[in-house]
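**Student:** Taken in order, these protein sequences are the chains called A and B.
Anchor point for the first sequence: position 77 equals 77 in my numbering, and the numbering is continuous, going up by one each time.
Anchor point for the second sequence: position 175 equals 175 in my numbering, and the numbering is continuous, going up by one each time.
2 protein chains.
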Amino acid sequence: MEKIKILVVDDESRMRKLVRDFLVREDYEVLEAGDGEAALDIFYKEKNIALLILDVMMPKLNGWEVCREIRETSKVPIIMLTAKGDEEDELTGFDLGVDEYISKPFSPKILVARVGAILRRSGKTEEGNILSMGGIVIDRTAHTVTVDGRQIDLSFKEFELLTYFLENEGIALSREKILNHVWNYDYFGDARTIDTHVKKLRAKIGEKGEYIKTIWGMGYKFEVE
Amino acid sequence: MEKIKILVVDDESRMRKLVRDFLVREDYEVLEAGDGEAALDIFYKEKNIALLILDVMMPKLNGWEVCREIRETSKVPIIMLTAKGDEEDELTGFDLGVDEYISKPFSPKILVARVGAILRRSGKTEEGNILSMGGIVIDRTAHTVTVDGRQIDLSFKEFELLTYFLENEGIALSREKILNHVWNYDYFGDARTIDTHVKKLRAKIGEKGEYIKTIWGMGYKFEVE
DNA sequence: ATAGAGCGTCACAGATATTTCATAAATAAC
DNA sequence: GTTATTTATGAAATATCTGTGACGCTCTAT
Chain A
1 MEKIKILVVD
11 DESRMRKLVR
21 DFLVREDYEV
31 LEAGDGEAAL
41 DIFYKEKNIA
51 LLILDVMMPK
61 LNGWEVCREI
71 RETSKVPIIM
81 LTAKGDEEDE
91 LTGFDLGVDE
101 YISKPFSPKI
111 LVARVGAILR
121 RSGKTEEGNI
131 LSMGGIVIDR
141 TAHTVTVDGR
151 QIDLSFKEFE
161 LLTYFLENEG
171 IALSREKILN
181 HVWNYDYFGD
191 ARTIDTHVKK
201 LRAKIGEKGE
211 YIKTIWGMGY
221 KFEVE
Chain B
1 MEKIKILVVD
11 DESRMRKLVR
21 DFLVREDYEV
31 LEAGDGEAAL
41 DIFYKEKNIA
51 LLILDVMMPK
61 LNGWEVCREI
71 RETSKVPIIM
81 LTAKGDEEDE
91 LTGFDLGVDE
101 YISKPFSPKI
111 LVARVGAILR
121 RSGKTEEGNI
131 LSMGGIVIDR
141 TAHTVTVDGR
151 QIDLSFKEFE
161 LLTYFLENEG
171 IALSREKILN
181 HVWNYDYFGD
191 ARTIDTHVKK
201 LRAKIGEKGE
211 YIKTIWGMGY
221 KFEVE
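1) Within the same chain, show all residues whose beta-carbon is closer than 8 angstroms to that of V24/A, passing over the 5 residues directly before and after it, in chain order.
2) For the candidate residues G116/B, E167/B, A117/B, V115/B, whose alpha-carbon lies nearest to that of R140/B?
3) Would you say K109/A faces chain B, with C-beta separation under 8 angstroms as the test?
4) Mind pulling the beta strand (DSSP E) runs of 3 or more residues that sit fully within the segment 57-127 of chain A?
5) Is it true that the CB of E207/B sits closer than 8 angstroms to the CB of E169/B?
6) Compute the Euclidean distance between the alpha carbons of V182/A and A172/B, then round it to the nearest angstrom.
7) In chain order, what residues of the same chain have a beta carbon less than 7 angstroms from the beta carbon of A83/A, not counting five sequence neighbours either side?
8) Under 7 angstroms, CB to CB, which of the residues in the segment 49-77 of chain B have a partner in chain A?
9) Quick one: Cα of G135/B to Cα of K17/A, how far?
10) Would you list, in sequence order, the uninterrupted beta strand (DSSP E) runs of no fewer than 3 residues that lie entirely inside the segment 156-213 of chain B?
11) In or out: E46/B buried (at least 16 other Cβ within 10 Å) or exposed?
12) Taking its Cβ as the centre, do 16 or more other Cβ atoms sit within 10 Å of H143/A, making it buried, or is it exposed?
13) Just verifying my parser: in three-state terms, what is the DSSP assignment at E46/A?
14) Quick test of your reading: I312/B and D95/B, contact by CB under 8 angstroms. State the CB separation rounded to the nearest angstrom.
15) Can you tell me whether M101/B is buried or exposed? The criterion is at least 16 other CB atoms within 10 Å of its CB, across all chains shown.
16) Report the residue from S13/B, E90/B, K204/B whose alpha carbon sits nearest the alpha carbon of R150/B.
17) Which residues, in order along the segment 168-184 of chain A, keep a beta-carbon less than 9 angstroms from a beta-carbon of chain B?
18) At a CB-CB cut-off below 8 angstroms, which residues of chain A make contact with D99/B?
19) Pull up the CB-CB distance for L229/A and V66/A, whole angstroms please, since I reckon it's below 8 angstroms.
20) Using three-state DSSP, classify E223/B as helix, strand or coil.
21) Cβ of A142/B less than 8 angstroms from any chain A Cβ?
22) For E158/A, does the count of other Cβ atoms within 10 angstroms reach 16, so buried, or fall short, so exposed?
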């Protein structure tokens with residue numbers, strides 16, 4: 001099983017190292033960025049980053065700016081680090097969609113505990129890695145899918161696509177959005193390739209295929225009635 | 001739309017009242033319990049409680065015990081209130097599956113912000129992507145429209161057009177303006193096509209079609225009497 | 001080397017939406 | 001009231017989009 005990836009962004013390498021050490025001890029995989037721009041680069045390039053730890057004070061793009069940018073396209077959990085225990089800052093953060101807020105200096109134990117809690121909550125942790133809806137069960141850890149209890153074989157892309165649909169139940173997804181998430185964000189190909197995968201997916205999940213609805217002129221939507 | 005229910009548990013009624021006041025102001029529905037047992041009673045009896053706010057120090061069952069009990073059967077978000085800024089307590093809490101941890105004395109603003117953040121995270125709050133007027137509800141996220149609760153099917157253009165109308169309620173819109181916004185800026189066709197779309201829209205939304213008013217010699221206006 | 005799976009592309013048919021057009025109805029101006 | 005202009009309507013003509021099967025490319029296991 002792959003390790004859970006955490007991106008730590010801080011301009012002080014000493015601080016990054018400190019955080020990294022504690023996280024690595026808990027068996028996370030830690031990526032580092034020294035400023036906001038680098039953070040965005042890594043975030044978009046690297047797939048499956050489970051959590052961001054962002055320092056507020058940084059050159060180029062500060063923590064809030066990175067947060068805002070990321071939130072345009074992703075719901076990845078974000079923990080903010082800030083030097084002051086300033087209440088206003090904290091409020092700004094929650095508005096932007098920050099999940100946690102830890103003020104320096106912090107105890108590493110607290111950091112680790114919060115990281116654990118937040119990952120547990122977002123279902124990205126070893127155990128609770130199951131997505132289930134309308135009789136479709138996706139076990140991300142085992143990389144298996146069952147429909148009404150019967151296991152079905154999906155290719156890698158099909159698996160990713162179905163997962164993306166389940167994660168966004170009830171939300172209309174444009175082809176572009178799907179491409180950006182299931183394929184690489186800089187994928188430069190025919191959007192119609194999605195159609196083909198949707199077709200196969202629908203065929204493989206049988207009657208549940210109806211849950212994948214076509215929104216004419218727009219894209220698709222997964223919806224369980 | 002029903003209000004979001006929050007259960008506040010604290011043995012000090014003064015504290016409950018304080019918390020309640022701030023939450024009610026944010027339009028949540030607040031239930032109260034004065035001790036752990038009462039909390040469990042209410043939690044199991046009442047349905048759809050979206051969030052628990054638990055004081056740690058309470059008679060009968062304390063906050064940790066209530067939390068453990070609840071976690072046997074539910075993943076409802078839990079915020080813990082504790083008097084001391086004790087780190088050990090906080091760590092205990094995260095292990096038990098506490099979602100947030102606020103130490104007294106706290107600023108009500110922070111409380112409200114965290115409640116908002118946690119509910120947003122758990123997807124219990126309807127995102128602000130809903131336009132509603134005079135019984136017409138447009139959910140941009142799901143790309144659906146309901147009229148008096150009944151869902152209706154709209155084509156892409158119809159959807160865009162209706163959205164544009166709702167966004168500009170009470171404002172007279174020239175055909176040119178409509179073309180520029182709903183169609184492309186460089187659309188190179190007959191403005192009469194709007195008439196056709198308006199006709200269809202009116203037909204599809206039934207009696208509410210009267211809200212789309214014709215302004216003779218000028219264009220249209222969406223207005224709820 | 002070969003067969004097979006996965007993936008992306010393409011073309012075509014069928015489905016659906018959009019636009020245009022002719023005509024009827026409504027409104028304003030005189 | 002009559003005329004000129006504007007809008008509503010239904011139907012027909014276009015345009016656009018999606019579903020589908022086929023094909024080729026790449027990678028992997030044999």
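We put the beta carbon where it would ideally sit given N, CA and C, even for glycine.
Treat the numbers as computed from the prediction; the structure is a model and nothing was measured.
**Tutor:** So, from the data block:
1) Here residue 24/A corresponds to residue number 24 of the first sequence, with the count starting at 1. So the list reads V30, once near-sequence residues are dropped.
2) Taking the second sequence and counting its residues from 1, the one referred to as residue 140/B is at position 140. Closest option to R140/B, Cα to Cα, is E167/B.
3) For this step, residue 109/A is matched to residue 109 along the first sequence. With 8 angstroms as the cut-off, K109/A counts as an interface residue toward chain B.
4) 78-82, 100-103
5) If you number the second sequence from 1, residue 169/B lands on position 169. If you number the second sequence from 1, residue 207/B lands on position 207. Not closer than 8 angstroms, so no.
6) Translated into the one-based positions of the first sequence, residue 182/A becomes position 182. Translated into the one-based positions of the second sequence, residue 172/B becomes position 172. C-alpha separation (whole angstroms): 42 angstroms.
7) Sequence index remark: in the first sequence, residue 83/A carries index 83 (1-based). M57, K104.
8) none
9) Position 135 of the second sequence, counted from the start, is the residue given in the question as residue 135/B. Position 17 of the first sequence, counted from the start, is the residue given in the question as residue 17/A. So the alpha carbons of these two residues sit roughly 56 angstroms apart.
10) 172-174
11) Here residue 46/B refers to the residue found at position 46 of the second sequence. Classification for E46/B: exposed.
12) In the first sequence, residue 143/A corresponds to position 143, counting from 1. So H143/A counts as exposed.
13) Taking the first sequence and counting its residues from 1, one reaches residue 46/A at position 46. In this structure, E46/A counts as coil in the three-state DSSP scheme.
14) Residue 312/B is absent from the structure shown; chain B starts at 1 and stops at 225.
15) For the purposes of this step, residue 101/B is taken as residue 101 along the second sequence, with counting starting at 1. Checking the sequence, you will find Tyr at residue 101/B rather than Met. Buried, because 16 or more other Cβ atoms sit within 10 Å of the Cβ of Y101/B.
16) For this step, residue 150/B is matched to residue 150 along the second sequence. Cα-wise, what sits closest to R150/B is K204/B.
17) G170, I171, A172
18) To locate residue 99/B, count along the second sequence from 1; it is residue 99. Result: A117, R121.
19) Here chain A comprises residues numbered 1 to 225, so residue 229/A is not present and cannot be evaluated.
20) Residue mapping note: residue 223/B aligns to position 223 of the second sequence, counting from 1. Three-state DSSP puts E223/B in coil, outside helix and strand.
21) Position 142 of the second sequence, counted from the first residue, corresponds to residue 142/B. Yes, contact with chain A.
22) If you number the first sequence from 1, residue 158/A lands on position 158. Flag for E158/A reads buried.
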